[in-house]
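J.:
Protein chains: 2
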Amino acid sequence: METIKITEVGPRDGLQNEKTILSTQDKFEFVTRLVESGAKHIELTSFVRKDRIPQMGDASELAAMVLPKFGSQVHFSCLTPNPKGYEAALASGFKEVAVFTATSESFTKKNINMTVLESFSSFQPIFDNANRDGIKVRGYISTVVSCPYEGKIEPSKTLEVAERLLEAGAYEISLGETIGVAVPTEIEALLEVILKKIPSSLINCHFHDTYGMAIANIKQALTMGIRSFDSSAGGLGGCPYAKGAAGNVATEDLVYFLTKEGYETGINLDSLVKVSQLMETKLNRYLNSRTYIAKKNVG
Amino acid sequence: METIKITEVGPRDGLQNEKTILSTQDKFEFVTRLVESGAKHIELTSFVRKDRIPQMGDASELAAMVLPKFGSQVHFSCLTPNPKGYEAALASGFKEVAVFTATSESFTKKNINMTVLESFSSFQPIFDNANRDGIKVRGYISTVVSCPYEGKIEPSKTLEVAERLLEAGAYEISLGETIGVAVPTEIEALLEVILKKIPSSLINCHFHDTYGMAIANIKQALTMGIRSFDSSAGGLGGCPYAKGAAGNVATEDLVYFLTKEGYETGINLDSLVKVSQLMETKLNRYLNSRTYIAKKNVG
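Those protein sequences? They're chains A and B, same order as listed. The first sequence begins at 0 in numbering that gives the first Met the number 0 and counts up one residue at a time. The second sequence begins at 0 in numbering that gives the first Met the number 0 and counts up one residue at a time.
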C-alpha cells in the first residue's frame, strides 16, 4: 500500500483558532496522544508575538517538553514569520520551520502587513540561515483558489508564488485553500497549472472543510498525484471568516477516507478518536468531524 | 448549464429520523418554504403504520394541505410499503409513489420483515395497480455498498435487485448508501457494474454523510453520468446506526457543490438556508450541514 504523508496541524493551526487557551501541560498531553496514535508529522507551534496570538505564547516551553521526548521519532515543525522567530525555533531544537505568504495582496497585507513581494524579502534571511543551519523550510501559500477580500485567484499567480518559494529553498509547498470554498474542478484547474512546472512530490494540499468540500478536493488532488495533506484532529480550529463553521479538514475524516481508498497513513483511527474526545473536554466544545462523531457514538 | 434533479427528502427521510414530531401545520410550512426555495421534487411522507412511525402519522392530512396548493408545480412522492399504503397514497392524490427494498437479506428482514424475494412479491400488486392508475413508481434500494449487519455488499447483488425493480416497472432506481460508509472507489466499482446494464438516466444516488464522504461520492457519481441525487435540507434526519451522526447529505452542501461545479439546480441557496434556520427552531436542535453553518454565520 502506498503511504500518504499527513501533517497534523491541530496543535498549531487548530489551537490557534480556538477561543480557549490550553495550558502547556495540556498541549503536551495532546501531542503525546497524537504521537501514540501514529502521527509522524506534527506542526507544533508558531513563534509569534504573544500579545498578537496568545494561543501560541508558550512556543519555547512546549518545544522544550516535546522535542527531547519525541523529536527522534516524529517530524516536528513550527511557523516562523520572521528571522527572530527563526532564531527562537532554532534555539528550541526544531529541525523544520515553515514560512507563510499568500497569493493575494489584500490577504497578505491584512495577515502579515506586507505585500507578497515584501514577504519574500522578509523570508530570504530565514532561508539563508536555514540553509546554513541544515534546517528544512516548508512554504505555506494561503488563499490559493479564492481570497476573502479579492475573490477568485488565478492558478498562474499561485504557481508564481510556489516557484519563488522553491527557488528560495523550500522543500515542500503547502497549497492552502484557506477559506474552504473551492470545489474539485477548481482544485483540478489549479493543480493542472502547478503540476506542469512542479513535481507532485513537492506539493502538499491544505484544505478546509468550511463548505463540506474538503474530502472531495482531497480525492481530486490524490487522483492527480498529490501524496501529502494537512489536517487537524477532530477538525480542531475553525474558520476565522465564518463563526462556528468548520476549519481544517479533520484528521479522522482524512484517515477514514484514505484507509478505505487503499492507502496507508500510519494513524490508528480508534486511538485518534480518543484524542479528540480528550480535546472536547479540554476545550469544552463539541468537535464536528463527521467520522469522529460517528466513531465516538458507535465505538 | 446542465440541470441536476434533486429530490428533497427532508420532509420524509429527514423528519422520520428526528426525535421531535412536528405538527402537520409545521410540516406544511416547511414544504411551502422548500417550494419557494425552488425544490421541484419533494418526498413528502410515508404511508406507514402510525404506531410504528409516529413521525409520519399524518400522511393523508399533510397531503390534503400540500397537493392541492403545489401539486401542479412540484413533483411530490411518498413511500408506500404495501398495497394498503398505495391505496391511501392514491386517494390522497399522489402521482408518484416509492417502494423500498435492500440488497441485504438481514437488513430487509430487520427493516421490513421480509426476504428480498418476498419484498418483490409484496411490491408486485403496487406496480400492477400503479400501471393501471398511471402512477409513477420509484424503487429504493438500501445498503447498496455496505450493510450494518452483513458488511460489504457485492455490486452484482445491487444490480440484480435494480434490474428486478426496473422489470417490475420502476421509472427510477434510487441507490441508497444507507449507512454512509462508502468512499468514491466503492461508488465507482458499484456504478461500473450497474451502468453496464442500466442507463445512467434511470439511476439516482442517495448518499448519507455519516463519515463525511457524501460530496466526494456525489462527485464520483456525477463523473460517471449520474444526474439525479437525493438530499435533505440542513442535513435533517440522522443516522439510526450512530447517534448524533450526520444522515442524508444536506441539500445546502449539494447545491453549493453542484452550482460551483457548473450545474443548474433551480434551488436558491440563501433562501434554503432560511428554511433550515426555521427547522432548527422547530426541532430545537442545531443542524450540521457545513454549507448551512457557514452561510448562516456569514450571510
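A virtual CB, placed ideally from N, CA and C, is assigned to each residue, including glycine.
Can you grab the Cα-Cα spacing for the pair B/E42 / B/K94, in whole Å?
T.: By one-based count along the second sequence, residue 42 of chain B stands at place 43. By one-based count along the second sequence, residue 94 of chain B stands at place 95. Each residue's Cα considered, the two are about 12 angstroms apart.
J.: Apart from the five residues just before and just after A/V182, which ones in its own chain have a Cβ nearer than 6 angstroms to its Cβ?
T.: Counting from 1 along the first sequence, the entry for residue 182 of chain A is found at position 183. Hits under 6 angstroms: M212.
J.: Quick one: which residues of the stretch 212 to 237 of chain A get their C-beta closer than 7 angstroms to a C-beta of chain B? List them in chain order.
T.: M212, I214, A215, K218
J.: Note down, in chain order, every chain B residue with its Cβ under 7 angstroms from the Cβ of A/V182.
T.: Position 183 of the first sequence holds residue 182 of chain A. F256, K259, E260, listed in chain order.
J.: In three-state DSSP terms, what is A/K18?
T.: Mapped onto the first sequence, residue 18 of chain A falls at position 19. A/K18 falls in the coil class under three-state DSSP.
J.: Around the C-beta of B/D57, are 16 or more other C-beta atoms found within 10 angstroms, so that it is buried, or is it exposed?
T.: Looking up residue 57 of chain B in the second sequence gives position 58. B/D57 should be labelled buried.
J.: Pull up the CB-CB distance for B/D12 and B/N247, whole angstroms please, since I reckon it's below 8 angstroms.
T.: Start at 1 with the first residue of the second sequence, and residue 12 of chain B comes out as number 13. Start at 1 with the first residue of the second sequence, and residue 247 of chain B comes out as number 248. Right, their Cβ atoms sit about 6 angstroms apart.
J.: I'd like to confirm something about B/M64: is its beta-carbon nearer than 6 angstroms to some heavy atom of the ligand MN, or not?
T.: Of the ligands one can find in the structure shown there are none, so the ligand MN has no counterpart to examine.
J.: Rounded to the nearest angstrom, what separates B/E7 and B/L277 at their Cα positions?
T.: Reading the second sequence from its first residue, position 8 is the one you call residue 7 of chain B. Reading the second sequence from its first residue, position 278 is the one you call residue 277 of chain B. Each residue's alpha carbon lies about 16 angstroms from the other.
J.: Looking only at C-alpha atoms, which of A/K49, A/N81, A/R32 sits nearest to A/V65?
T.: Locating residue 65 of chain A in the first sequence gives position 66, counting from the first residue. Nearest option by C-alpha distance: A/R32.
J.: For A/Y170, count the other beta carbons within 10 Å of its own beta carbon; 16 or more makes it buried, fewer makes it exposed. Which is it?
T.: For the purposes of this step, residue 170 of chain A is identified with residue 171 of the first sequence, where counting begins at 1. Exposed, by the Cβ-count rule.
J.: Measuring alpha carbon to alpha carbon, tell me which residue in B/Q219, B/L174, B/L21 is nearest B/D229.
T.: As a first step, residue 229 of chain B is located in the second sequence; it is residue number 230 there, counting from the start. Among B/Q219, B/L174, B/L21, the Cα nearest to that of B/D229 belongs to B/L174.
J.: Using DSSP with H/G/I as helix, E/B as strand and the rest coil, what is B/G9?
T.: Taking the second sequence and counting its residues from 1, one reaches residue 9 of chain B at position 10. Looking at B/G9 - three-state DSSP - the assignment turns out to be helix.
J.: Would you mind sorting A/D252 into buried or exposed? The rule is 16 or more other CB atoms within 10 Å of its CB.
T.: In the first sequence, counting from the first residue as 1, residue 252 of chain A sits at position 253. With 16 or more Cβ atoms within 10 Å of its Cβ, A/D252 is classed as buried.
J.: What residues in its chain sit with their C-beta under 7 angstroms from that of A/K196, if we drop five residues either side in the sequence?
T.: Locating residue 196 of chain A in the first sequence gives position 197, counting from the first residue. Around A/K196: L158, E162.
J.: For A/F126, which residues in the same chain have their Cβ closer than 7 angstroms to its Cβ, ignoring the five residues on either side in sequence?
T.: Taking the first sequence and counting its residues from 1, the one referred to as residue 126 of chain A is at position 127. Excluding sequence neighbours, A/F126 sits near V136, A167, G168.
J.: Which chain A residues sit within Cβ distance under 9 angstroms of B/S108?
T.: What you label residue 108 of chain B is simply residue 109 of the second sequence in a count that begins at 1. Just to set this straight, residue 108 of chain B is Lys in the shown sequence, not Ser. The contacting residues do not exist; B/K108 stays about 21 angstroms from chain A at best.
J.: Cβ closer than 8 angstroms: which chain B residues qualify as neighbours of A/N296?
T.: One-based indexing of the first sequence puts residue 296 of chain A at position 297. Result: A241, K242, G243, A244.
J.: Interface residues of chain A around B/I292 at Cβ under 8 angstroms?
T.: If you number the second sequence from 1, residue 292 of chain B lands on position 293. Ordered by position in chain A, the residues that pass the 8 angstroms Cβ test against B/I292 are A241, G243, A244, A245.
J.: By the DSSP assignment, the alpha helix (DSSP H) with B/L257 in it spans what residues?
T.: Here residue 257 of chain B refers to the residue found at position 258 of the second sequence. Looking at the DSSP string, the run of the alpha helix (DSSP H) that includes B/L257 is 250 to 259.
J.: On the DSSP letters alone, give me the boundaries of the beta strand (DSSP E) that A/R48 sits inside.
T.: Walking along the first sequence from the start, residue 48 of chain A turns up at place 49. Premise fails: A/R48 is in no beta strand (DSSP E) and is neither H nor E.
J.: Using a Cβ cut-off of 7 angstroms, which residues of the stretch 186 to 213 of chain B contact any Cβ in chain A, in chain order?
T.: Listed by position along the chain: D208, T209, Y210, G211, M212.
J.: Can you give me the start and stop residues for the beta strand (DSSP E) that B/K135 sits inside?
T.: Residue numbering aside, residue 135 of chain B sits at position 136 when the second sequence is read from its first letter. Taken as a continuous stretch (DSSP letters only), the beta strand (DSSP E) holding B/K135 covers 135 to 141.
J.: Run through chain D and tell me which residues come within less than 7 angstroms of A/R284, C-beta to C-beta.
T.: The displayed structure is made up of protein chains A and B, and chain D is not among them.
J.: Taking 7 angstroms as the CB-CB cut-off, is A/D252 touching chain B?
T.: Translated into positions along the first sequence, residue 252 of chain A becomes position 253. Output row for A/D252: interface = yes.
J.: Checking contacts by CB at 7 angstroms: is A/R51 closer than that to chain B?
T.: If you number the first sequence from 1, residue 51 of chain A lands on position 52. No, A/R51 does not count as interfacial toward chain B.
J.: Could you check whether B/S270 and B/S36 sit closer than 7 angstroms to each other, using their CB atoms as the reference points?
T.: Counted from its first residue, the second sequence places residue 36 of chain B at position 37. Counted from its first residue, the second sequence places residue 270 of chain B at position 271. Yes. Within cutoff.
J.: The alpha helix (DSSP H) that contains A/I125, what's its start and end?
T.: In the first sequence, the residue the question calls residue 125 of chain A occupies position 126. Element bounds for A/I125: 115 to 132.
J.: Give a yes or no on whether the minimum CB-CB distance between B/R11 and chain A is below 7 angstroms.
T.: If you number the second sequence from 1, residue 11 of chain B lands on position 12. No - not a single Cβ of chain A is within 7 angstroms of the one on B/R11.
J.: Would A/K26 and A/S227 be called neighbours here (beta carbons separated by less than 7 angstroms)?
T.: Here residue 26 of chain A corresponds to residue number 27 of the first sequence, with the count starting at 1. Here residue 227 of chain A corresponds to residue number 228 of the first sequence, with the count starting at 1. At least 7 angstroms separates the beta-carbon of A/K26 from that of A/S227.
J.: Find the residues of chain B that neighbour A/N287, judging by a C-beta separation of less than 8 angstroms, and give them in chain order.
T.: By 1-based counting over the first sequence, the position of residue 287 of chain A is 288. Residues of chain B whose Cβ lies closer than 8 angstroms to the Cβ of A/N287 are, in chain order, N287.
J.: Give the DSSP-derived three-state secondary structure of B/F27 in the structure shown.
T.: Taking the first residue of the second sequence as 1, we reach residue 27 of chain B at position 28. Here B/F27 sits in helix by DSSP.
J.: Quick check: what's the CA-CA separation for B/K108 versus A/L21?
T.: Position 109 of the second sequence, counted from the first residue, corresponds to residue 108 of chain B. Position 22 of the first sequence, counted from the first residue, corresponds to residue 21 of chain A. So the two alpha carbons sit approximately 50 angstroms from each other.
J.: Under 8 angstroms by Cβ, that's how I've got B/Q54 and B/L89 pegged, so tell me the actual separation to the nearest angstrom.
T.: Along the second sequence, one-based indexing puts residue 54 of chain B at 55. Along the second sequence, one-based indexing puts residue 89 of chain B at 90. Not confirmed; about 22 angstroms, so no contact.
J.: On the three-state DSSP scale, how would you describe B/T184?
T.: Position 185 of the second sequence holds residue 184 of chain B. Looking at B/T184 - three-state DSSP - the assignment turns out to be helix.
J.: Specify the secondary structure class of A/F228 as computed by DSSP and reduced to three states.
T.: Locating residue 228 of chain A in the first sequence gives position 229, counting from the first residue. In the structure shown, A/F228 sits in a strand (DSSP, three-state: E or B).
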